[in-house]
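Asks: Residue numbers for the sequence shown follow our numbering, so the first one is 1 and each next one is one higher. Beta carbons are placed, not taken as given, at the ideal position from N, Cα and C, and that holds for glycine.
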Amino acid sequence: MQKVRTRWNYFKDRLIDRYGEIVYKIGVDAGFTCPNRDGTKAYGGCAYCSQQGSLSPNQDPNLEIKDQIKKGMAFVQRRYGAQKFIVYFQSFTNTYDKPEVLRQRYESALIDDRIVGLSIATRPDCINGEVIEVLKEFQKKCSYFTVELGLQSAHQNTLEWVNRQEGTAEYIQAMKLLREAGIPVISHIILGFPEESLQDMVETLDLAQHQGSAGVKLQMLHIIRGTKLGVMYEKNPFNLYSMHEYGEVVLKLVERLDPKVEIHRITGETEKEQLIAPDWVKHKTKFFDWFENELEKRNSYQGKTFESGPSFALAKE
Ligand code: SF4
Numbered sequence: 001m002q003k004v005r006t007r008w009n010y011f012k013d014r015l016i017d018r019y020g021e022i023v024y025k026i027g028v029d030a031g032f033t034c035p036n037r038d039g040t041k042a043y044g045g046c047a048y049c050s051q052q053g054s055l056s057p058n059q060d061p062n063l064e065i066k067d068q069i070k071k072g073m074a075f076v077q078r079r080y081g082a083q084k085f086i087v088y089f090q091s092f093t094n095t096y097d098k099p100e101v102l103r104q105r106y107e108s109a110l111i112d113d114r115i116v117g118l119s120i121a122t123r124p125d126c127i128n129g130e131v132i133e134v135l136k137e138f139q140k141k142c143s144y145f146t147v148e149l150g151l152q153s154a155h156q157n158t159l160e161w162v163n164r165q166e167g168t169a170e171y172i173q174a175m176k177l178l179r180e181a182g183i184p185v186i187s188h189i190i191l192g193f194p195e196e197s198l199q200d201m202v203e204t205l206d207l208a209q210h211q212g213s214a215g216v217k218l219q220m221l222h223i224i225r226g227t228k229l230g231v232m233y234e235k236n237p238f239n240l241y242s243m244h245e246y247g248e249v250v251l252k253l254v255e256r257l258d259p260k261v262e263i264h265r266i267t268g269e270t271e272k273e274q275l276i277a278p279d280w281v282k283h284k285t286k287f288f289d290w291f292e293n294e295l296e297k298r299n300s301y302q303g304k305t306f307e308s309g310p311s312f313a314l315a316k317e
């Protein structure tokens, strides 16, 4: 029996409301690269970006898209009895190519009726008018369709520290195009950058919510082997949040978040073998349980301190 959560707007619960069962995401590597990796903006990518992309180790990026999907579906079907799926274009920048290439790759994911939709991960500077037209075509074909946009931080010094090679101006412009097209956006936010205060993270969340994000993914800054951040950290370790420090930040942000905004993630997700630090990120369920208990204990809930009205984010447009 699925637990009914009343204190926060968890994305997985909303999928159950909509489809009557748990819907599983199947991550794929569709063969895209990224302007921050191929030299268009920079080489090597963001400091936390892994060479393998963010794909699950159960996946094989060398397979065709349809075969990655079949493999992923078979795995979660065996393990959880899954019947419905969202194909998640996960690795690298999935709007970074010509419209005809995007069309062909997205189309190749719609292999049968068990796939209820697509989720397309990308970066703000890879959203433009031509891309929007393709996204709109696929939104019409799917009952679920979202774009996942990397914001990470609203603060330029942080974005420079991780070599993001874009800023809030690109995010605001991409959000405007997506909003006007009626395409729901999930904004990715990284919490716990060493130089950021709670107020800085609040400002990042406010930017995401006031720009009209339908959902947010909150992620603890964690250090992965083989990344630039991994090299920096091993040479010169910097402070990373403990589970409780991080938890306090998440509780504050969730209280501040509009109850309508779905929360897709509250912590990081990475392979145990690839993780350098902090170790607690491996124990996702432990954090999840702690978070739910604390909400209960403190009589806290999403939106408790939410303030609607004009925001610093829209004022900048
Ligand atoms: S934008 Fe995404 S894919 Fe590109 S380098 Fe940064 S993390 Fe990697």
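Would you mind stating whether residue 268 and residue 219 have Cβ atoms separated by less than 7 angstroms?
Replies: It is a contact, given that the beta carbons lie within the stated cut-off.
Asks: Tell me whether the region 231 to 246 and the region 258 to 265 touch, counting them as touching only if at least three CB pairs, one residue from each stretch, are closer than 8 angstroms.
Replies: The region 231 to 246 is not in contact with the region 258 to 265.
Asks: Give every residue whose Cβ lies closer than 6 angstroms to any heavy atom of the ligand SF4, listed in chain order.
Replies: Matched residues: 34, 36, 37, 45, 46, 49, 92, 93, 123, 150.
Asks: Tell me the residue span of the beta strand (DSSP E) that contains residue 144.
Replies: That run of the beta strand (DSSP E) goes 144 to 152.
Asks: Which complete beta strand (DSSP E) runs does the region 116 to 191 hold, if anything under 3 residues is left out?
Replies: Listed in chain order, they are 144 to 152, 185 to 191.
Asks: Give me the Cα-Cα distance between residue 312 and residue 84, rounded to the nearest whole angstrom.
Replies: Residue placement at residue 312 is poorly supported in this model, since its pLDDT is 41, which falls under 50; the coordinates are not used for a value here.
Asks: Please classify residue 98: is it buried, with 16 or more other beta-carbons within 10 angstroms of its beta-carbon, or exposed?
Replies: Answer is exposed; the Cβ neighbour count stays below 16.
Asks: Can you tell me which of the three DSSP states residue 291 falls into?
Replies: Helix, per DSSP.
Asks: Applying the criterion that 16 or more other CB atoms from any shown protein chain within 10 Å of the CB defines a buried residue, is residue 141 buried or exposed?
Replies: Residue 141 should be labelled exposed.
Asks: Please work out which residues of its chain come closer than 6 angstroms, Cβ to Cβ, to residue 120, disregarding the five sequence neighbours upstream and downstream, and give them in chain order.
Replies: If we look at residue 120 and ignore the five residues flanking it on each side, its Cβ neighbours are 89, 94, 147.
Asks: Under three-state DSSP, which class holds residue 11?
Replies: If DSSP states are grouped into helix, strand and coil, residue 11 belongs with the helices.
Asks: Spatial neighbours of residue 203 within its chain, please: C-beta separation below 6 angstroms, excluding the five flanking residues on both sides.
Replies: 154, listed in sequence order.
Asks: Could you pull the start and end residues of the alpha helix (DSSP H) that residue 277 belongs to?
Replies: Per DSSP, residue 277 belongs to no alpha helix (DSSP H); it is in the beta strand (DSSP E), 275 to 277.
Asks: Mind checking residue 310: buried by the 16 CB within 10 Å criterion, or exposed?
Replies: Here residue 310 scores only 44 on pLDDT, less than 50, and its place in the model is too uncertain to base an answer on.
Asks: Should the region 20 to 35 be called in touch with the region 72 to 82, which here means at least 3 C-beta pairs below 8 angstroms?
Replies: Yes, since at least three Cβ pairs between the region 20 to 35 and the region 72 to 82 fall closer than 8 angstroms, the two stretches touch.
Asks: Which same chain residues, not among the five before or five after residue 14, have their C-beta less than 8 angstroms away from its C-beta?
Replies: If we look at residue 14 and ignore the five residues flanking it on each side, its Cβ neighbours are 262.
Asks: Check the DSSP bridge columns for residue 219 and list the partner residues they point to.
Replies: DSSP output for residue 219 lists 190 as bridge partner(s).
Asks: Identify the residues that DSSP records as bridge partners of residue 43: which are they?
Replies: Its beta-bridge partners are 38.
Asks: On the DSSP letters alone, give me the boundaries of the beta strand (DSSP E) that residue 28 sits inside.
Replies: 23 to 28 is the extent of the beta strand (DSSP E) around residue 28.
Asks: Going by beta-carbon coordinates alone, are residue 305 and residue 256 separated by less than 7 angstroms?
Replies: Yes, these two residues count as a Cβ contact at 7 angstroms.
Asks: With distances taken from CA atoms, which of 50, 32, 33 is nearest residue 162?
Replies: Of the candidates 50, 32, 33, the one whose C-alpha sits nearest the C-alpha of residue 162 is 50.
Asks: Let me know the secondary structure DSSP gives residue 265 once reduced to three states.
Replies: In this structure, residue 265 counts as strand in the three-state DSSP scheme.
Asks: Given a cut-off of 7 angstroms on the beta-carbon distance, is the pair residue 170 and residue 200 in contact?
Replies: Against a cut-off of 7 angstroms, the Cβ pair of residue 200 and residue 170 comes out as no contact.
Asks: Using the Cβ count rule (16 or more neighbours within 10 Å means buried), how would you classify residue 112?
Replies: The residue in question, residue 112, is exposed, as its Cβ has fewer than 16 Cβ neighbours within 10 Å.
Asks: DSSP on residue 75, reduced to helix/strand/coil?
Replies: Here residue 75 sits in helix by DSSP.
Asks: Would you mind stating whether residue 183 and residue 211 have Cβ atoms separated by less than 7 angstroms?
Replies: No.
Asks: Mind checking residue 174: buried by the 16 CB within 10 Å criterion, or exposed?
Replies: So residue 174 counts as buried.
Asks: Is it true that the CB of residue 127 sits closer than 7 angstroms to the CB of residue 177?
Replies: Taking 7 angstroms as the Cβ cut-off, residue 177 and residue 127 qualify as a contacting pair.
Asks: Suppose the cutoff is 8 angstroms on Cβ atoms and the five residues either side in sequence are ignored; what does the same chain contact list for residue 294 look like?
Replies: Excluding residues within five positions, the ones whose Cβ falls inside 8 angstroms are 247, 251, 300.
Asks: Quickly, what does DSSP pair residue 89 with across the bridge? List them, please.
Replies: Per DSSP, 28, 120.
Asks: Ordered along the chain, which non-local residues of its own chain (more than five positions away) have a Cβ less than 8 angstroms from that of residue 10?
Replies: So the list reads 262, 263, once near-sequence residues are dropped.
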